[in-house]
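Trainee: I'd like to ask you about the structure that follows.
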Amino acid sequence: MLTRWRGEDGAITVFVVALVPAIMLVAGLVYDGGRLLAARREAHDLADNAARAAAQEVDVDALRSARTPVVEPLAAQAAGEAYLAATGHTGTVVVTADRVEVTVSITTSMALLQLAGISERTVTATGHARIVRGVTEPES
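Residue numbers (the working numbering): -9 to 130.
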């Protein structure tokens, strides 16, 4: 019986050597992919919340005189950037008359995929906020 197995010495070693890197790559995709999804969710949350904070900066004089809500551009940009700075992130804040757009980028380092040469990835999200007058105004 021993003579029958002699030709297959080391066959398991080759199989293990080929299988372990594949398993590590799949584990890296699962773990680091989850980290990327969490970073994308965080970027969306930050962008949306910063846009809401910026859109609250209403030009009171324009509202009182024309009864039209208008965003105060400098104050809105400062409020959006202050919100992002308080969370430890940076982004761009673009203000128009009644709309604020905030773009946030988050760079996440890879834990297991570094073994495959992927050290970090950046996710970007954009959030919007628009000021409206009252709660019954229809969306446009």
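Note that beta-carbon positions come from the ideal geometry of N, C-alpha and C, so glycine has one too.
The structure presented is a predicted model; accordingly, all values stated were derived computationally and were not measured.
Given a cut-off of 9 Å, decide if A41 and V92 are closer than it, judged by their beta-carbon atoms.
Mentor: Going by C-beta atoms, V92 is nearer than 9 Å to A41.
Trainee: Taking the CB atoms as reference points, tell me whether E101 and A44 lie closer together than 9 Å.
Mentor: Going by the sequence as given, residue 101 is Ala instead of Glu. Result no, Cβ atoms of A101 and A44 do not sit closer than 9 Å.
Trainee: Take V61 and list the residues in its own chain whose beta-carbon comes closer than 8 Å to its own, dropping the five residues that flank it on each side.
Mentor: So the list reads A44, A45, E47, V48, D49, V85, T86, A87, D88, R89, V90, I121, once near-sequence residues are dropped.
Trainee: Per the DSSP calculation, G117 is bridged to which residue(s)?
Mentor: G117 is bridged to V92.
Trainee: Beta carbon of I96, beta carbon of T82: below 9 Å?
Mentor: Cβ atoms of I96 and T82: not closer than 9 Å.
Trainee: For I108 and D38, what's the separation of their Cα atoms in angstroms?
Mentor: If I take the Cα positions, the gap works out to 29 Å.
Trainee: Whole angstroms are fine: how far does the CA of G24 sit from the CA of A12?
Mentor: The alpha-carbon atoms of A12 and G24 are separated by roughly 18 Å.
Trainee: Going residue by residue through the stretch 44 to 92, where are the continuous beta strand (DSSP E) segments of at least 3 residues, counting only ones entirely within it?
Mentor: Complete beta strand (DSSP E) runs here, min 3: 81 to 85.
Trainee: If you count every other CB in all the chains shown that lies within 10 Å of the CB of L103, and 16 or more means buried, which is it?
Mentor: Per the 10 Å Cβ criterion, buried.
Trainee: Measuring only the C-alpha atoms, how far is A106 from T3?
Mentor: Whole-angstrom Cα-Cα distance: 22 Å.
Trainee: If you drop the 5 nearest sequence neighbours on each side, which residues of the same chain put their C-beta closer than 6 Å to that of G117?
Mentor: Within the same chain, G117 has close Cβ partners A37, D38, A41, V92.
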